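In what follows, a structure is listed as structure tokens, so that the remarks can point back to it.
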Amino acid sequence: MSKSVVLDKSFNFGLKIIKLYMKLRSKNEFTLSNQLVRSATSIGANITEAQYAQSRKDFINEMSIALKEANETEYWLKLLSKSDIIEEIEYENYIKEYLEIKMILISIVKLSKDSLIHRR
183 MSKSVVLDKS FNFGLKIIKL YMKLRSKNEF TLSNQLVRSA TSIGANITEA QYAQSRKDFI
243 NEMSIALKEA NETEYWLKLL SKSDIIEEIE YENYIKEYLE IKMILISIVK LSKDSLIHRR
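With our numbering, the residue at position 85 of the sequence shown is 267, and numbering never jumps.
Structure representation (structure tokens):
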């Protein structure tokens, strides 16, 4: 199997979010940090599951879930930024990576759906 760019990006993003999670926990921020680390690490977990999908529909479903988790991660990052728990520059760096992953996932889901339709 070829190396997956989106899996690598989501794994590295997850690692960065885990570091942010640890920093937030040390400042006694528990609720948002728990939500953030759960959704951010779920992105890569769902992409990994998709690589071993039993069908094209299963693949699309797992990648769609990864995209939903990415969107949820954006929400938690935005809350952390707007509540001044993380600095704007830090937020922008995370969002830049998130957007790269999001755009790849959107493309994968769209192309996969298109190929499923054209196979019929």
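Ideal placement from N, C-alpha and C gives every residue a C-beta, glycine not left out. None of the values given here were measured: they were computed from a predicted structure.
Practice task
Note down the Cα distance separating K201 from H300, rounded to an integer number of angstroms.
Solution key: K201 and H300: Cα-Cα distance of roughly 43 Å.
Problem - Classification of V187 by the beta-carbon crowding that lies within 10 angstroms, buried from 16 upward - result: With a 10 Å radius around the Cβ and a threshold of 16 neighbouring Cβ atoms, V187 comes out exposed.
Problem - Proximal residues to S224 (C-beta, below 7 Å), its chain only, five neighbours per side dropped - result: Answer for S224: E251, listed in chain order.
Problem - Pairwise C-alpha distance: G226 and E248 - result: The question names Glu, but residue 248 in the sequence shown is Ala. Annotation: A248 to G226 spans about 7 Å, alpha carbon to alpha carbon.
Exercise for the section: Look at the alpha carbon of S265 and the alpha carbon of L298, and state the distance between them as a whole number of angstroms. Expected result: Answer to the nearest angstrom: the Cα atoms are 43 Å apart.
Problem - First through last residue of the alpha helix (DSSP H) which encompasses N304 - result: Residue 304 cannot be examined here, being either before or after the span of the chain that is shown, 183 to 302.
Practice task
Note down the Cα distance separating M245 from N275, rounded to an integer number of angstroms.
Solution key: Note on geometry: alpha-carbon atoms of M245 and N275 lie some 23 Å from one another.
Exercise for the section: Helix, strand or coil for D296, going by three-state DSSP, please let me know. Expected result: In the structure shown, D296 sits in a helix (DSSP, three-state: H, G or I).
Practice task
Check M183 in the structure and name its three-state DSSP category.
Solution key: Residue placement at M183 cannot be trusted, given a pLDDT of 38 that sits under 50; what the coordinates show is reported in the next sentence. Here DSSP, grouped into helix, strand and coil, assigns M183 to coil.
Problem - Residue span of the alpha helix (DSSP H) that contains A248, given as start and end - result: Run containing A248: 238-264, per the alpha helix (DSSP H) assignment.
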